[in-house]
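**Q** Got a structure for you, questions after.
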Amino acid sequence: QDFDSRTLCFPINEVGAMRAVGIACLAAIFVQLFAHTAQASDTNPVQKVIELLANLHGKVVQEGEEAKKAFKEFSEWCEERSQNLGFDIKTAKAEVEELNAEIERATSSSVALSTKIDETASEIAGNEADLKSASEIRKAEEKDFSTAESELVEVIDAIERAINVLEREARKGGAAMLQAQGPRNIVHALHAMVEASMIGSQDAKTLTALVQSTQQESDTASDLGAPEADAYDNRSGGIIDTLENLLEKAKSQLDSARTKETSARHNFEMLKQSLEDEIKYGTQDLSDAKKNLALQAEAKATAEGDLGVTSKGLAEDEKTMSTLRQDCVMRSQDYEAETMSRA
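Numbering (the numbering used here), first residue to last: 89 to 431.
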């Protein structure tokens with residue numbers, strides 16, 4: 089029957105076995121050996137002990153070599169795994185830092201873009217209001233000019249027709265009305281010309297209104313100490329001279345009104361072009377700012393999602409690293425204890 093030392097004590101390579109336990113096992117082996125050999129008649133007890141000890145030593149050595157090889161492989165795995173985890177943790181931390189910076193940049197850009205959008209929208213609204221107001225003013229100015237121009241053209245035509253009639257009458261021998269002086273006499277002369285069918289009633293009405301208006305302006309200026317020089321430059325002259333003076337004044341007013349209208353129209357067109365350009369470019373800037381704001385919001389959302397995934401992975405890697413270190417340290421301690429138990 090083969091002798092098996094494992095029937096006498098626990099395995100010698102069990103983790104934490106002490107030298108004293110090994111000695112006790114050997115003593116038990118010797119006792120069993122002598123009891124066994126005593127029953128054998130043809131076997132040398134000493135030789136048998138030597139053989140058993142040799143076999144036992146071989147097993148211990150073999151187990152030691154296997155344990156050494158396994159521990160070396162495990163140590164290499166620990167080192168490699170630790171390096172890989174360290175690299176992953178370092179990379180994840182850098183990614184977390186970059187993602188946080190990206191989120192901060194996107195947030196800052198979004199605030200700036202929101203402010204720009206509000207300011208640009210306000211500027212556009214202001215320019216549109218200015219353009220609307222300027223357009224309304226220009227429309228009123230055009231209406232006033234059109235009315236004034238029509239009235240002045242009508243006055244000029246009436247004066248010219250009256251002068252032509254009076255000059256024809258003068259060439260025929262004249263009439264008492266041609267020598268009329270002063271506004272009242274001129275008005276009476278105009279009525280007489282209407283009654284004589286020399287001019288139309290509308291022309292007479294227009295000329296009467298002009299004479300009276302001119303006289304009122306002259307009286308007002310005289311009261312202020314500055315009589316108009318061209319109201320009636322030739323008061324000693326007749327009605328033709330008076331009408332020619334009024335014609336000259338009316339034409340001057342018409343030229344002035346047209347010049348003023350041309351300038352006002354030019355200024356409005358310049359202002360309109362400027363405001364329309366500002367509105368156009370402002371609208372484009374507003375559209376671009378809104379698009380960029382949407383892109384920043386998308387970038388921030390993506391970065392926040394990536395940050396959540398990366399942070400979770402980082403936490404798992406750090407936990408794995410902690411567990412790995414504990415396992416590797418414990419395995420190293422166990423191997424050291426096994427090695428001492430085999431000595």
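Backbone N, C-alpha and C define an ideal beta-carbon position, used for all residues, glycine too.
State the CB to CB distance for the pair L201 and N380, rounded to an integer number of angstroms; the pair is presumed to be in contact (CB under 8 angstroms).
**A** On the sequence shown, residue 201 is found 113 positions in, with the first residue counted as 1. On the sequence shown, residue 380 is found 292 positions in, with the first residue counted as 1. With a Cβ gap of about 6 angstroms, L201 and N380 count as contacting.
**Q** So, with DSSP's three-state summary, where would you put N355?
**A** One-based indexing of the sequence shown puts residue 355 at position 267. N355: helix per DSSP, three-state reduction.
**Q** What three-state label does DSSP hand N132 in the structure shown?
**A** In the sequence shown, residue 132 corresponds to position 44, counting from 1. In this structure, N132 counts as coil in the three-state DSSP scheme.
**Q** Under a Cβ-count criterion, where at least 16 other Cβ atoms within 10 Å of its own Cβ denotes burial, should N132 be classed as buried or exposed?
**A** In the sequence shown, counting from the first residue as 1, residue 132 sits at position 44. Exposed, by the Cβ-count rule.
**Q** Could you work out which residue in E349, I138, T195, I328 is closest to R249 when comparing CA atoms only?
**A** Position 161 of the sequence shown holds residue 249. From the listed residues E349, I138, T195, I328, the smallest Cα separation to R249 is found for I328.
**Q** Hey, would you say L331 sits closer than 9 angstroms to N215, going by beta carbons?
**A** Position 243 of the sequence shown, counted from the first residue, corresponds to residue 331. Position 127 of the sequence shown, counted from the first residue, corresponds to residue 215. Not a contact, by the Cβ cut-off of 9 angstroms.
**Q** In angstroms with no decimal places, state the Cα-to-Cα distance between T390 and E185.
**A** One-based indexing of the sequence shown puts residue 390 at position 302. One-based indexing of the sequence shown puts residue 185 at position 97. Approximately 15 angstroms between the Cα atoms of the pair.
**Q** Do L335 and I247 have their C-beta atoms within less than 9 angstroms of each other?
**A** The residue labelled residue 335 in the question sits at position 247 within the sequence shown. The residue labelled residue 247 in the question sits at position 159 within the sequence shown. Taking 9 angstroms as the Cβ cut-off, L335 and I247 qualify as a contacting pair.
**Q** Would Q414 be called buried (16 or more neighbouring beta carbons within 10 Å of its own) or exposed?
**A** Counting from one through the sequence shown, the residue named residue 414 turns up at place 326. Per the 10 Å Cβ criterion, exposed.
**Q** Tell me which residues share the same chain as K407 and place their Cβ nearer than 6 angstroms to its Cβ, disregarding the 5 neighbours each side in the sequence.
**A** The residue you call residue 407 lines up with position 319 of the sequence shown. Answer for K407: no residue qualifies.
**Q** Please work out which residues of its chain come closer than 8 angstroms, Cβ to Cβ, to I476, disregarding the five sequence neighbours upstream and downstream, and give them in chain order.
**A** Nothing about residue 476 can be reported from this structure: the residues present for the chain run from 89 to 431 only.
**Q** Are the beta-carbon atoms of A222 and L359 separated by less than 9 angstroms?
**A** Here residue 222 refers to the residue found at position 134 of the sequence shown. Here residue 359 refers to the residue found at position 271 of the sequence shown. Yes.
**Q** Buried or exposed, going by whether 16 or more other CB atoms sit within 10 Å of the CB of T235?
**A** For this step, residue 235 is matched to residue 147 along the sequence shown. Exposed, by the Cβ-count rule.
**Q** Whole angstroms are fine: how far does the CA of K227 sit from the CA of Q372?
**A** The residue you call residue 372 lines up with position 284 of the sequence shown. The residue you call residue 227 lines up with position 139 of the sequence shown. Using only the alpha carbons, I get a separation of about 29 angstroms.
**Q** For A309, which of helix, strand or coil comes out of DSSP?
**A** Here residue 309 refers to the residue found at position 221 when the sequence shown is read from its first residue. For A309, the predicted model reports a pLDDT of 47, less than 50, meaning its position is unreliable; a value from the coordinates is still stated below. Three-state result, A309: helix.
**Q** Taking all protein chains shown into account, do 16 or more other C-beta atoms lie within 10 angstroms of the C-beta of S429, making it buried, or fewer, making it exposed?
**A** As a first step, residue 429 is located in the sequence shown; it is residue number 341 there, counting from the start. Its Cβ being crowded by 16 or more others within 10 Å, S429 is buried.
**Q** Excluding five sequence neighbours on each side, which residues of the same chain lie with their C-beta closer than 8 angstroms to the C-beta of A377?
**A** Your numbering for residue 377 matches position 289 in the sequence shown. Once the five neighbours on either side are set aside, the close Cβ partners of A377 are L201, K204, I205, T208.
**Q** Take the Cβ of D90 as the centre, count every other Cβ of all protein chains shown within 10 Å, and call the residue buried at 16 or more, exposed below.
**A** Residue numbering aside, residue 90 sits at position 2 when the sequence shown is read from its first letter. Bear in mind that the predicted position of D90 carries a pLDDT of just 41, short of 50, making it too unreliable to give a figure here.
**Q** Using the Cβ count rule (16 or more neighbours within 10 Å means buried), how would you classify M418?
**A** The residue given as residue 418 occupies position 330 in the sequence shown. Flag for M418 reads exposed.
**Q** Can you tell me which of L140, N143, E153 puts its alpha carbon nearest to the alpha carbon of E426?
**A** Along the sequence shown, one-based indexing puts residue 426 at 338. Checking every option, the nearest Cα to that of E426 belongs to E153.
**Q** Whole-angstrom Cβ separation of A180 and T398, contact assumed at under 8 angstroms?
**A** Stepping through the sequence shown from its first residue, residue 180 is reached at position 92. Stepping through the sequence shown from its first residue, residue 398 is reached at position 310. With a Cβ gap of about 6 angstroms, A180 and T398 count as contacting.
**Q** Can you tell me whether K365 is buried or exposed? The criterion is at least 16 other CB atoms within 10 Å of its CB, across all chains shown.
**A** Sequence index remark: in the sequence shown, residue 365 carries index 277 (1-based). Per the sequence shown, residue 365 should be read as Asp rather than Lys. It counts as exposed.
**Q** Would you report the Cα separation of L402 and D176, rounded to the nearest angstrom?
**A** Residue mapping note: residue 402 aligns to position 314 of the sequence shown, counting from 1. Residue mapping note: residue 176 aligns to position 88 of the sequence shown, counting from 1. Rounded to whole angstroms, L402 and D176 show a C-alpha spacing of 8 angstroms.
**Q** Straight-line CA distance for Q384 to A213?
**A** Within the sequence shown, numbered from 1, the residue matching residue 384 stands at position 296. Within the sequence shown, numbered from 1, the residue matching residue 213 stands at position 125. Computed Cα separation, rounded: 26 angstroms.
**Q** Compare the beta carbon distance of S163 and C416 with 9 angstroms and say whether it is the shorter of the two.
**A** Residue 163 sits at position 75 when you count from the first residue of the sequence shown. Residue 416 sits at position 328 when you count from the first residue of the sequence shown. In contact: S163 and C416 (Cβ atoms closer than 9 angstroms).
**Q** Output needed for E349: all residues of its chain with C-beta closer than 7 angstroms, excluding positions within five of it in sequence on either side, in chain order.
**A** By one-based count along the sequence shown, residue 349 stands at place 261. Excluding residues within five positions, the ones whose Cβ falls inside 7 angstroms are F233.
**Q** Within 10 angstroms of the Cβ of G174, are there 16 or more other Cβ atoms? Answer buried if so, exposed if not.
**A** The residue labelled residue 174 in the question sits at position 86 within the sequence shown. The residue in question, G174, is exposed, as its Cβ has fewer than 16 Cβ neighbours within 10 Å.
**Q** Let's test the definition: count the other Cβ atoms within 10 Å of the Cβ of G396 and tell me whether it reaches 16, buried, or not, exposed.
**A** Residue mapping note: residue 396 aligns to position 308 of the sequence shown, counting from 1. Counting Cβ neighbours within 10 Å, G396 comes out exposed, since fewer than 16 surround it.
**Q** Measuring alpha carbon to alpha carbon, tell me which of Q171, K220, A345, E424 ends up nearest E230.
**A** The sequence position of residue 230 within the sequence shown is 142, counting from 1. Of the candidates Q171, K220, A345, E424, the one whose C-alpha sits nearest the C-alpha of E230 is A345.
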